[in-house]
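Engineer: All the letters of the sequence shown, read from the start, carry residue numbers 1 to 215 under UniProt numbering. For each residue, glycine too, the CB sits at the ideal point set by N, CA and C. Computed from a prediction, not measured in an experiment: that's the story for all the values here. Have a look at this one.
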Amino acid sequence: MRIVDLTHYISEDMPVYPGTEGPKFAPANSYEVDGFKETLMTMYTHTGTHMDPPAHLFAGRTTLDQFPITQFVGTALVIDCSDLKEGQHITMEYINKQKDKADKAEFLLFRSGWDRYWGTEKYFGDYPCIDGEVADYLVKSHKKGVGLDVIGLDPIADTNLTLHKKLFKDNEIVIIENLMNLHLLGDDLFTFCALPLKHVDADGSPVRAIALLHD
């Protein structure tokens, strides 16, 4: 079995969603004074490689801590759409190339290749996004989740978060954003794990996302 890390590092100088403060790390205890090291970490719940639940946008909907742990582990497939240019959309054409496997997968991870721009201004640009038909497919096929190697499911300019709302309004699904290394996962089914922190009323959480490949 091969394990692939799909998670970006959290650091004070990491990219964060425009308008959001980056994480802060402050010394809390030291070897010299306290005999051990401890750090106070402050960050938003949607920092770095992270997960959104329906409660991110809709009051009274499911928070991450209300999901069973099985929501965060399952069979996954990477959909390669790395040929797309800025402003273009991920359509059903990409899913239909692997439709049998896509139907079986509990998670679909869309590889745009945008993770190569992590740490640059272009990462916040006009990255490829799924279209409405793909969003409908994710809902109708009852996926556990959808993952992307970009900063958001919606275009950066869509402050209404239209696609988020379409997925979250009436469905038990999670969205994982800011993934990396999807190019290492091939075109076959594998096991995907993205585990959020277990805190009360979680509207989102950083995750450690990994792939388990049974070569």
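Can you list, in chain order, the residues of its chain whose CB lies under 8 Å from that of I90, leaving out five sequence neighbours each side?
Structural biologist: For I90, where only same-chain residues beyond five positions count, the Cβ hits under 8 Å are I79, C81, L84, F110, S112, P128, C129, I130, D131, V134.
Engineer: Kindly indicate which three-state DSSP category M41 falls into: helix, strand or coil?
Structural biologist: Strand at M41.
Engineer: Looking at C-alpha atoms only, which residue of V33, T45, K37 is the closest neighbour of V16?
Structural biologist: Out of V33, T45, K37, T45 has the C-alpha closest to the C-alpha of V16.
Engineer: Identify whether L132 lies in helix, strand or coil by the three-state DSSP scheme.
Structural biologist: The residue asked about is misnamed: residue 132 is Gly in this sequence, not Leu. In the structure shown, G132 sits in a helix (DSSP, three-state: H, G or I).
Engineer: Compute the beta-carbon to beta-carbon distance between V207 and I173, rounded to the nearest angstrom, for a pair I have assumed lies under 8 Å.
Structural biologist: In fact, because the Cβ distance is near 15 Å, the residues do not count as touching under 8 Å.
Engineer: Counting pairs of beta carbons, one from the stretch 148-156 and one from the stretch 194-209, are three or more of them closer than 8 Å?
Structural biologist: No, the stretch 148-156 is not in contact with the stretch 194-209.
Engineer: What is the rounded straight-line gap between the Cα of N178 and the Cα of I69?
Structural biologist: Taking the straight line joining both Cα atoms gives about 21 Å.
Engineer: Taking the alpha-carbon positions, what's the V4 to H214 distance?
Structural biologist: Cα to Cα, V4 sits roughly 11 Å from H214.
Engineer: Sort G87, T75, N181 by Cα distance to K143 and report the nearest one.
Structural biologist: Taking only the C-alpha atoms, the option nearest K143 is T75.
Engineer: Between C193, N171, K122, K104, which has its C-alpha nearest G147's C-alpha?
Structural biologist: Of the candidates C193, N171, K122, K104, the one whose C-alpha sits nearest the C-alpha of G147 is C193.
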